[in-house]
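Each number in this note's numbering corresponds to the 1-based position in the sequence shown with 8 added.
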Amino acid sequence: MIKKLLCKLGWHSWTYIHLYNDGCSEHAKCKWCGYEGMIDSQGNLF
Numbered sequence: 009m010i011k012k013l014l015c016k017l018g019w020h021s022w023t024y025i026h027l028y029n030d031g032c033s034e035h036a037k038c039k040w041c042g043y044e045g046m047i048d049s050q051g052n053l054f
């Protein structure tokens with residue numbers, strides 16, 4: 009329950025699943041909600 013709330017706030021799992029690197033950015037998927045996005049320089053999924 010709390011994990012879903014955190015994902016709604018934009019705080020996705022820090023233990024994400026790496027998907028691919030497009031040569032410029034790392035792309036990953038949140039283990040909690042399935043959101044797919046990019047990894048920023050701090051290691052956060054956005």
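Each residue gets a CB set at the ideal place from its N, CA and C atoms; glycine is no exception.
**Prompt:** Near tyrosine 43, what residues of its chain come up, given a Cβ to Cβ distance below 8 Å and the 5 sequence neighbours on each side ignored?
**Reply:** For tyrosine 43, where only same-chain residues beyond five positions count, the Cβ hits under 8 Å are Cys15, His20, Lys37, Leu53.
**Asked** How many Å lie between methionine 46 and asparagine 29 at the Cα?
**Response** Between methionine 46 and asparagine 29, the C-alpha separation is close to 9 Å.
**Request:** Following the continuous beta strand (DSSP E) through leucine 27, name the residue where it begins and the one where it ends.
**Result:** Element bounds for leucine 27: 25 to 29.
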